[in-house]
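Enquirer: Input: one structure, supplied below.
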Amino acid sequence: MSTTTEHPDVRAAQEDFVSTGRVNSKVRRLVADSWRRSRRSGVDPERPAPRSDLSDNDLAGLRRETPLTAALPVARRLLLDADPQWVAALTDATGRLLWIDGNRRVRHAVGRAGFVEGAVWSEDCAGTNAPGTALATNREVQVVGSEHWARPVHPWSCAAAPLHDSSGRVLGVLDITGGPEVASGMAMQLVRATATAIEATVGRGTTSPTAGPPAPTLRVLGSQGGTLVVDGAAHRLSRRHAEILLLLAEHPAGLSADELAVLLSESELSGVTVRAEVSRLRRAVGPLLSESRPYRLTRAVRTDVDGVRAALALGDVADAVGSYTGPVLPRSSSPGVARVRAAVSDEVRAAVLASRDPRVIIRWAASDEGADDFGAWRTLAAASVPGSAGHLRAVAQLRRLEAELGRPAGA
Numbered sequence: 415m416s417t418t419t420e421h422p423d424v425r426a427a428q429e430d431f432v433s434t435g436r437v438n439s440k441v442r443r444l445v446a447d448s449w450r451r452s453r454r455s456g457v458d459p460e461r462p463a464p465r466s467d468l469s470d471n472d473l474a475g476l477r478r479e480t481p482l483t484a485a486l487p488v489a490r491r492l493l494l495d496a497d498p499q500w501v502a503a504l505t506d507a508t509g510r511l512l513w514i515d516g517n518r519r520v521r522h523a524v525g526r527a528g529f530v531e532g533a534v535w536s537e538d539c540a541g542t543n544a545p546g547t548a549l550a551t552n553r554e555v556q557v558v559g560s561e562h563w564a565r566p567v568h569p570w571s572c573a574a575a576p577l578h579d580s581s582g583r584v585l586g587v588l589d590i591t592g593g594p595e596v597a598s599g600m601a602m603q604l605v606r607a608t609a610t611a612i613e614a615t616v617g618r619g620t621t622s623p624t625a626g627p628p629a630p631t632l633r634v635l636g637s638q639g640g641t642l643v644v645d646g647a648a649h650r651l652s653r654r655h656a657e658i659l660l661l662l663a664e665h666p667a668g669l670s671a672d673e674l675a676v677l678l679s680e681s682e683l684s685g686v687t688v689r690a691e692v693s694r695l696r697r698a699v700g701p702l703l704s705e706s707r708p709y710r711l712t713r714a715v716r717t718d719v720d721g722v723r724a725a726l727a728l729g730d731v732a733d734a735v736g737s738y739t740g741p742v743l744p745r746s747s748s749p750g751v752a753r754v755r756a757a758v759s760d761e762v763r764a765a766v767l768a769s770r771d772p773r774v775i776i777r778w779a780a781s782d783e784g785a786d787d788f789g790a791w792r793t794l795a796a797a798s799v800p801g802s803a804g805h806l807r808a809v810a811q812l813r814r815l816e817a818e819l820g821r822p823a824g825a
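If you count the sequence shown from 1, you need to add 414 to reach our numbering.
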C-alpha cells in the first residue's frame, strides 16, 4: 500500500517560506498553494487562532440543523470501531468542527492546538490543514506533519474528504487526525470510502434551489463502462480516456506523466505519449482536468464504483450486487485499472459469500463472473433449504463444475 510521507526537507522549506515567501520545489503543489493562501490570510504559523466563539446551545443548534447528523453512526462504525490511534471529525460547510470522537489521548493532545468542537478550521483561520484545505479545494486532501501551516500541529497528520449532497453542494468535511498511520494511503482510502458511505446516507433530500450542478459521474462498470456525465450530458469516452479519468479519480492528489505511464501500460509508455493523451482528453472534458502538473481533476468525480463501495461500507450487500453491473472497464489492459477491477470484484464476491443470503448469492452467480464460481455455488448449496429450487440448482451447477474442472464438490 502506498504511503504519503513527509519529505525530510519540508520543515525547512516551511520555515523558509514563512520568512521569504519562496517555495521549495520539493513541496507538493497542493501544499504550496495552501501555504500561499494561509500567508495572504495573515494566519500566524506560531499561534494560529481558530475561531471558537459558539456557546454550547449554539453548537447544539448547528448539529440539529445539519443533515450530517444522520452520518454519525456510519462515521463511527467505519472509522472508530477498531479503536484506532486517531480522532475522527465532521465539520460543516464553513469548516466549523461539529463533532470530534476517537482516541482519548489523541483528542486531548490535538485539543491543545485548538482542534476542539465548535472551532473553525478553515484555511483563513487555521492555515493549511486537511479539513480546511479540503473545503478550499473541494477535493480529498492529506496533510502530513510540517506540511501544516501552524507549527503546533506539526506532530500530527490528517486526511479529509469533502461531503456533498446529491446535487453536489458541499455539506462539510470528514477528517481523521492522528500520528504516522494517518499519512498512509490506506488511511486516505478509508476516509474516501467512509465519505462515500456518508453521502449515500445523507445525500438524498438535501438539495437546495441554490445548489450548484451535480458532481460529474464516471461510469466504468460493465460493457457500457466509459461514459462521463457532466451537468446532465453524457459523453462517451475512448478506452484510454476512460482509463485516465478513472486513475485520476482513484488518485485525487494527482499523478505525474511518469506515474500515469506505469499505471496505463505494462510496456514502456513515453511521457510524450501520455502528455499527448492527456492533452486530447483535456480538449474533450475542458476545465474538469487541470492544466498544471501533476495531472489531477479540478472537481470531485464520482464513479459507479464509489456507489458499490458505499453499499458495501453500509453493509447493504444486495444493493452492492445490484449496483455492480460488471467488471471495471473489462476490455482495459491497463495495470492500474486491472488492480481496481480485481479489488472491486474481490470485495463484492467476499461480501456476497459472507452474507450467506441465497437471494444475494443467486444474483452473483447469475453474473458472468459468478457463473463458474465454485465457491459461490457451494455456499449457495449450504445456505439453501435442502430440496428447494435454489439448492437443487446449486447442486447441479457444482456437479457440472466438478466434471469440467475435475474438482470434487467437497473441495
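Virtual Cβ for every residue (Gly too), placed ideally from N, Cα, C.
Do you know offhand how far Ala-540's Cα is from Arg-716's?
Expert: C-alpha separation (whole angstroms): 29 Å.
Enquirer: Just curious, the alpha helix (DSSP H) that Val-719 is in, first and last residue?
Expert: Looking at the DSSP string, the run of the alpha helix (DSSP H) that includes Val-719 is 718-727.
Enquirer: Helix, strand or coil for Thr-419 per DSSP?
Expert: Any reading at Thr-419 must be qualified, since the residue scores a pLDDT of 48, below 50, and its modelled position is unreliable; the value itself is stated next. Three-state result, Thr-419: coil.
Enquirer: Does DSSP classify Gln-499 as helix, strand or coil?
Expert: Of the three classes helix, strand and coil, the one that applies to Gln-499 here is coil, per DSSP.
Enquirer: Roughly how many angstroms separate the alpha carbons of Gly-668 and Ala-752, rounded to a whole number?
Expert: Near 19 Å, if we compare the C-alpha coordinates of Ala-752 and Gly-668.
Enquirer: Determine the extent of the beta strand (DSSP E) in which His-805 is found, giving its start and end residues.
Expert: Where His-805 is concerned, there is no enclosing beta strand (DSSP E), although the alpha helix (DSSP H) it sits in stretches over 803-819.
Enquirer: Return helix, strand or coil for Gly-685, following the three-state DSSP convention.
Expert: DSSP places Gly-685 in helix when its eight states are reduced to three.
Enquirer: Within 10 angstroms of its Cβ, does Gln-850 collect 16 or more other Cβ (buried), or is it exposed?
Expert: Limits of the chain in this structure are 415 at one end and 825 at the other, which puts residue 850 out of reach.
Enquirer: From the DSSP secondary-structure annotation, give me the bridge partner or partners of Thr-615.
Expert: Looking at the DSSP assignment, Thr-615 forms no beta bridge with any residue, so it has no partner.
Enquirer: Does the distance from the C-beta atom of Val-555 to that of Ala-574 stay below 8 Å?
Expert: Yes. Within cutoff.
Enquirer: Check whether the Cβ atoms of Val-567 and Ile-590 lie closer than 8 Å to each other.
Expert: Contact: no.
Enquirer: Classify Ala-764 as buried or exposed, calling it buried when 16 or more other Cβ atoms lie within 10 Å of its own Cβ.
Expert: Exposed: under 16 other Cβ atoms inside 10 Å.
Enquirer: Got a sec, what are the start and stop residues for the beta strand (DSSP E) Thr-641 sits in?
Expert: Thr-641 -> beta strand (DSSP E) spans 641-644.
Enquirer: Within this structure, are the beta carbons of Leu-577 and Ala-533 separated by less than 8 Å?
Expert: Not in contact: Leu-577 and Ala-533 (Cβ atoms no closer than 8 Å).
Enquirer: How far does the beta strand (DSSP E) with Asp-589 in it reach, from first residue to last?
Expert: That run of the beta strand (DSSP E) goes 584-592.
Enquirer: Tell me whether Gln-556 sits in a helix, a strand or coil according to DSSP, three-state version.
Expert: DSSP places Gln-556 in strand when its eight states are reduced to three.
Enquirer: Along the chain, where does the beta strand (DSSP E) that runs through Trp-513 open and close?
Expert: Where Trp-513 is concerned, the enclosing beta strand (DSSP E) stretches over 511-516.
Enquirer: Give the DSSP-derived three-state secondary structure of Leu-651 in the structure shown.
Expert: Note: Leu-651 maps to coil in three-state DSSP.
Enquirer: Classify Gln-811: buried if its beta carbon has 16 or more other beta carbons within 10 angstroms, exposed otherwise.
Expert: So Gln-811 ends up on the buried side.
Enquirer: Quick check on the burial criterion: 16 or more other C-beta atoms within 10 angstroms. Buried or exposed for Arg-773?
Expert: Exposed, by the Cβ-count rule.
Enquirer: Cα separation between Pro-666 and Arg-565?
Expert: Answer to the nearest angstrom: the Cα atoms are 26 Å apart.
Enquirer: Which residue wins for smallest C-alpha separation from Gly-784, given the options Ser-598, Arg-813 and Pro-741?
Expert: The option with the nearest alpha carbon to Gly-784 is Pro-741.
Enquirer: What residues match up with Leu-847 in a beta bridge as DSSP calls it?
Expert: Because the chain here runs from 415 to 825, residue 847 falls outside it and cannot be looked at.
Enquirer: Val-445 and Thr-542 - do their beta-carbons sit closer together than 8 Å?
Expert: Yes. Within cutoff.
Enquirer: Taking only three categories from DSSP, how would you classify Ser-747?
Expert: It is coil, neither helix nor strand.
Enquirer: Which residue from Val-758, His-805 and Ser-746 puts its Cα closest to that of Ile-775?
Expert: Of the candidates Val-758, His-805 and Ser-746, the one whose C-alpha sits nearest the C-alpha of Ile-775 is His-805.
Enquirer: According to DSSP, simplified to helix, strand and coil, what is Val-441?
Expert: DSSP places Val-441 in coil when its eight states are reduced to three.
Enquirer: Judging by CA-CA distance, which residue of Arg-654, Val-699 and Arg-710 is the nearest neighbour of Thr-687?
Expert: Nearest option by C-alpha distance: Arg-654.
Enquirer: Once the 5 residues before and after Asn-552 are set aside, which same chain residues still bring their CB inside 8 Å of it?
Expert: Counting only Cβ-Cβ distances below 8 Å, and skipping sequence neighbours, we find Pro-576, Val-584, Arg-713 and Ala-714.
Enquirer: Name, in chain order, the residues that DSSP records as bridge partners for Asp-506.
Expert: According to DSSP, Asp-506 bridges with Gly-586.
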